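Colleague:
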Amino acid sequence: MNLNFFENFKQLRKEKGDTQENIAEVLGVTGQTVSRWELNICYPDIELLPSIANYFGVTVDALLSNDNNSKQKDREIFYEKIGTLDWKNSTECIDFVKGYCRKYPEDDEYAYQLVCYISNYAAGNEERTARFMPILLKTAEKLLETRYRSSVIQEMTALCTGEELNKWLDMAPYSGFSRRYCLINRAMVRDENQGWYIQQGLEMLETLADQLDRRCPDTFGAEKKAEYQREILHVIESFGTNREIPDGWKMFYAYKQLVLSACLFGQKKMDEGWREFDSAIEKCKYIYALDKDWLSIGGSLFSNLKVSKDWNYAIDEQGNKHKLFALVRLSFYHMYIICDLLTNARWAWFNSVRNTEKYCEAVAWVQSIEKAQEEE
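Residue numbers for the sequence shown follow the numbering used here, beginning at 1 and rising by one.
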């Protein structure tokens with residue numbers, strides 16, 4: 001064993017912010033003795049090693065030998081051995097990793113491996129999950145401030161109880177490593193096929209809606225931006241039957257039509273611009289007056305889900321509500337988004353029609369609805 005006691009002792013003392021004299025008093029030795037340890041002149045009596053290790057909160061092995069070479073060698077042994085163990089039908093992998101966690105309490109990699117092997121062993125089995133949940137929770141919470149945070153959240157959302165689910169979901173971001181992916185993984189781990197189908201539909205809806213809402217830069221010019229909006233409108237049309245836009249998409253579609261109308265006005269294509277404008281305002285009025293709580297978004301592509309007018313929730317065929325993530329900018333039922341589009345001076349392509357009676361009437365109606373919604 002390559003002993004590095006003097007280096008480790010000195011480092012641990014400095015990290016603790018302690019003096020040689022204070023440690024000497026605690027251990028019942030002289031200050032000179034502690035100084036000789038740090039100078040690598042001598043080692044402490046073997047009977048003192050547990051007390052020293054306990055004082056610094058490390059293992060005796062860590063106190064004596066955990067230099068980089070021995071750590072790396074131990075890591076190689078770990079991965080070589082773990083591959084030969086049965087992780088599915090017994091706890092030998094878990095027990096093996098726990099040994100390394102005790103040996104290297106500050107090594108996050110071993111702690112993360114423990115979370116993974118517990119997850120692999122317990123997934124889909126309530127008895128196993130309940131048995132290992134205390135150690136799983138303790139280890140997972142320790143890793144939340146490390147590079148393993150996202151992966152740990154995914155594992156915990158898969159295995160935790162329904163009561164704990166929101167706690168772990170709230171730790172996940174809305175996009176990138178997403179809350180929806182956590183819920184998809186939870187359904188897979190639990191062999192909940194219907195739940196997996198619904199979560200996949202929700203993910204499809206959120207991802208596609210977010211992508212369709214991306215703005216084509218105005219710097220491309222009115223013609224290029226109009227082409228981009230038409231492509232989006234064609235995609236949305238495909239969700240319906242005979243080009244009839246599902247009610248759940250109508251406000252979103254109307255917003256894109258208004259953007260398209262601005263582009264057309266900017267190109268001096270006035271008749272075509274007014275057709276899109278009139279159609280968009282008609283859809284806005286239709287949805288605002290619609291007396292339905294849940295609106296269709298179009299068939300099995302989205303797992304036969306329906307959405308609320310504000311796109312905050314979806315509902316499945318069994319009547320279960322699901323919160324929608326990452327769609328904050330897509331609540332087009334709230335007229336402030338439409339109002340901002342029609343009144344914002346940045347949309348200079350509307351300038352040629354701003355003073356027309358039709359445009360002013362549309363803006364006045366939208367503003368009246370926005371005010372009513374603010375007062376609700």
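For each residue, glycine too, the CB sits at the ideal point set by N, CA and C.
All figures in this text were calculated on a predicted structure; none of them were measured in a lab.
Opposite SER308 in the DSSP bridges: which residues?
Modeller: TRP294
Colleague: Are ASP316 and LEU305 close, meaning C-beta to C-beta below 7 Å?
Modeller: yes
Colleague: By how many angstroms is the C-alpha of GLU357 removed from the C-alpha of GLN154?
Modeller: 55 Å
Colleague: Does MET1 pass the burial test, meaning 16 or more other C-beta atoms within 10 Å, or should it be called exposed?
Modeller: Note that MET1 has pLDDT 41, beneath the 50 cutoff, so the model's placement of it is unreliable and no number is given.
Colleague: Hey, how far is the Cα of GLN267 from the Cα of GLY298?
Modeller: 33 Å
Colleague: I need the DSSP call for GLU106, collapsed to helix, strand or coil.
Modeller: Collapsing the DSSP output to three states places GLU106 in coil.
Colleague: Taking all protein chains shown into account, do 16 or more other C-beta atoms lie within 10 angstroms of the C-beta of VAL26, making it buried, or fewer, making it exposed?
Modeller: VAL26 is exposed by the Cβ-count criterion.
Colleague: Using DSSP with H/G/I as helix, E/B as strand and the rest coil, what is GLU43?
Modeller: The amino acid occupying residue 43 in the given sequence is Tyr; Glu does not appear at that position. Of the three classes helix, strand and coil, the one that applies to TYR43 here is coil, per DSSP.
Colleague: Taking the beta strand (DSSP E) that LYS323 belongs to, which residues open and close that run?
Modeller: Here the beta strand (DSSP E) through LYS323 covers 321-323.
Colleague: Which same chain residues end up closer than 7 Å to ALA364 when comparing Cβ atoms and leaving out the 5 residues on each side of it in sequence?
Modeller: none
Colleague: Please classify ALA378 as buried or exposed, where buried requires at least 16 neighbouring CB atoms within 10 angstroms.
Modeller: Residue 378 is absent from the model: the chain starts at 1 and stops at 376.
Colleague: Alpha carbon to alpha carbon, how far is ALA274 from CYS284?
Modeller: A small correction: the amino acid at residue 274 is Trp; Ala does not occupy that position in the sequence shown. Looking at the two C-alpha atoms, the distance is approximately 15 Å.
Colleague: Specify the secondary structure class of ILE315 as computed by DSSP and reduced to three states.
Modeller: strand
Colleague: Here's a check: name, in chain order, each residue in its chain whose Cβ is nearer than 6 Å to the Cβ of PHE56, leaving out the five neighbours to either side.
Modeller: LEU12
Colleague: Per DSSP, what are the beta-bridge partners of THR241 in this structure?
Modeller: GLU244
Colleague: Should TYR286 go down as buried or exposed, given a rule of 16 or more other Cβ atoms within 10 Å for buried?
Modeller: exposed
Colleague: In whole angstroms, give me the CA-to-CA distance for PHE96 and ILE77.
Modeller: Their backbone Cα atoms lie some 12 Å apart in a straight line.
Colleague: Quick test of the definition: if touching needs 3 or more C-beta pairs under 8 Å, does the segment 217-235 touch the segment 251-264?
Modeller: Short answer: they touch.
Colleague: Looking only at its own chain, which residues have a Cβ that is under 7 Å from the Cβ of CYS160, when we skip the five neighbours before and after it?
Modeller: TRP168
Colleague: Is ALA377 helix, strand or coil by DSSP?
Modeller: Residue coverage of the chain in this structure runs from 1 to 376, which leaves residue 377 outside it and unanswerable.
Colleague: Does the distance from the CB of ALA24 to the CB of GLY17 come in under 7 Å?
Modeller: no
Colleague: Residue range of the alpha helix (DSSP H) that ASP340 falls in?
Modeller: Note, ASP340: alpha helix (DSSP H), 336-343.
Colleague: Pull up the CB-CB distance for LEU324 and GLU203, whole angstroms please, since I reckon it's below 8 Å.
Modeller: The Cβ separation is near 10 Å, so there is no contact.
Colleague: Have a look at PHE252, LEU63, LEU114 and VAL29 and flag the residue whose alpha-carbon is nearest the alpha-carbon of GLU237.
Modeller: PHE252
Colleague: Within a Cβ cutoff of 7 Å, which residues of the same chain sit near TYR288, ignoring the five residues on either side of it in sequence?
Modeller: Excluding positions up to five away in sequence, the list reads ILE369.
Colleague: Considering GLY273, what are the terminal residues of the alpha helix (DSSP H) in which it resides?
Modeller: Element bounds for GLY273: 270-289.
Colleague: Suppose you measure from the CA of ALA122 to the CA of LEU233; what does that come to, to the nearest Å?
Modeller: So the alpha carbons of these two residues sit roughly 46 Å apart.
Colleague: Helix, strand or coil: how does DSSP classify SER300 here?
Modeller: Of the three classes helix, strand and coil, the one that applies to SER300 here is helix, per DSSP.
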